[in-house]
Amino acid sequence: GDSVTQTEGLVTLTEGLPVMLNCTYQTIYSNPFLFWYVQHLNESPRLLLKSFTDNKRTEHQGFHATLHKSSSSFHLQKSSAQLSDSALYYCALKGGRALIFGTGTTVSVSP
Amino acid sequence: DTTVKQNPRYKLARVGKPVNLICSQTMNHDTMYWYQKKPNQAPKLLLFYYDKILNREADTFEKFQSSRPNNSFCSLYIGSAGLEYSAMYLCASSRVGGIDAEQFFGPGTRLTVL
Numbered sequence: 001g002d003s004v005t006q007t008e009g010l011v012t013l014t015e016g017l018p019v020m021l022n023c024t025y026q027t028i029y030s031n032p033f034l035f036w037y038v039q040h041l042n043e044s045p046r047l048l049l050k051s052f053t054d055n056k057r058t059e060h061q062g063f064h065a066t067l068h069k070s071s072s073s074f075h076l077q078k079s080s081a082q083l084s085d086s087a088l089y090y091c092a093l094k095g096g097r098a099l100i101f102g103t104g105t106t107v108s109v110s111p
Numbered sequence: 112d113t114t115v116k117q118n119p120r121y122k123l124a125r126v127g128k129p130v131n132l133i134c135s136q137t138m139n140h141d142t143m144y145w146y147q148k149k150p151n152q153a154p155k156l157l158l159f160y161y162d163k164i165l166n167r168e169a170d171t172f173e174k175f176q177s178s179r180p181n182n183s184f185c186s187l188y189i190g191s192a193g194l195e196y197s198a199m200y201l202c203a204s205s206r207v208g209g210i211d212a213e214q215f216f217g218p219g220t221r222l223t224v225l
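As they're listed, the protein sequences go chains A and B.
The opening position of the first sequence corresponds to residue 1 in the numbering used here, with each subsequent residue numbered one higher.
The opening position of the second sequence corresponds to residue 112 in the numbering used here, with each subsequent residue numbered one higher.
If you want it as structure tokens, here you go:
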């Protein structure tokens, strides 16, 4: 079945440094949608980015990701982390009716 | 208002007792979802309502029930709670319109079964 893999459980970094969160997926669908959701402490998960188009960069709120179907990847990046980026980040896939989540990556940004 | 509300936020239940969790949204979304989230695991879809049609995942078919009395409300019902039901339960809603439809999530209900 479909699956999403996020290899890092926890990423700790200093404010101002770049962030990259890995996401790879497996799916039977040829045209899946990939999503990044972010959940701040005591808040609900909310959509950060989504993409359907191969090799096209998608940006929002300083974050960007590019869907690469050749490598089944949708890594999330930001050039300079801020304290407010500390949160739980989920990569998710939708090819059919269900949204399939990865296990999530917790990002902790310190001064 | 793009909020999804869940009640209660915390629920303590005894083994063998029923549990009923409530979710509401005022965005007139036609689809509402329930996910189960356990520590160090991905949120897992349990079921969803598209309008009045209930769709349950095959591996959780017999463990969870749901009802949707109107467009705004959706419940998740456990007839007899077991220890394995302890988890965070997330409700979400979306306006169907394609597989890219954004899901809006509630804050979750943390269920602890003792």
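Every residue gets a Cβ at the ideal spot worked out from N, C-alpha and C, and that includes glycine.
Quick caveat, the model's predicted, so the values are computed rather than measured.
Query raised in the report: Roughly how far, in whole angstroms, is the beta-carbon of B:Y188 from the beta-carbon of B:L222, given that I think they are within contact range, below 8 Å?
Result: Here the question's residue 188 of chain B lines up with position 77 in the second sequence. Here the question's residue 222 of chain B lines up with position 111 in the second sequence. That belief does not hold up - the Cβ atoms of B:Y188 and B:L222 are roughly 12 Å apart, past 8 Å.
**Report entry** Contact residues within the stretch 142-176 of chain B, judged by C-beta distance below 9 Å to chain A
**Finding:** Y144, Y146, K148, N151, Q152, A153, P154, K155, L156, F159, Y161, N166, E168
Query raised in the report: Is it true that the stretch 97-108 of chain A meets the stretch 53-73 of chain A, where meeting means three or more beta-carbon pairs spaced less than 8 Å apart?
Result: no
Query raised in the report: What residues from chain A crowd round B:P218, counting only those whose CB sits closer than 9 Å?
Result: By 1-based counting over the second sequence, the position of residue 218 of chain B is 107. Ordered by position in chain A, the residues that pass the 9 Å Cβ test against B:P218 are N42, E43, S44.
Report task. Taking B:V115 as the query, report the chain A residues whose CB atoms sit under 9 Å from its CB, ordered along the chain. Result -> In the second sequence, residue 115 of chain B corresponds to position 4, counting from 1. In chain order: S44.
Query raised in the report: Does the Cβ of A:P32 have 16 or more other Cβ atoms within 10 Å, making it buried, or fewer, making it exposed?
Result: On the first sequence, position 32 is the one that residue 32 of chain A refers to. Buried, by the Cβ-count rule.
Query raised in the report: With distances taken between CB atoms, is the gap from B:S183 to B:V224 smaller than 7 Å?
Result: Taking the first residue of the second sequence as position 1, residue 183 of chain B is located at position 72. Taking the first residue of the second sequence as position 1, residue 224 of chain B is located at position 113. Result no, Cβ atoms of B:S183 and B:V224 do not sit closer than 7 Å.
Report task. Please state whether DSSP places B:A169 in a helix, a strand or coil. Result -> Position 58 of the second sequence, counted from the start, is the residue given in the question as residue 169 of chain B. DSSP places B:A169 in helix when its eight states are reduced to three.
**Report entry** A:C23: first and last residue of the uninterrupted beta strand (DSSP E) it sits in
**Finding:** Walking along the first sequence from the start, residue 23 of chain A turns up at place 23. No beta strand (DSSP E) holds A:C23; DSSP gives it neither H nor E.
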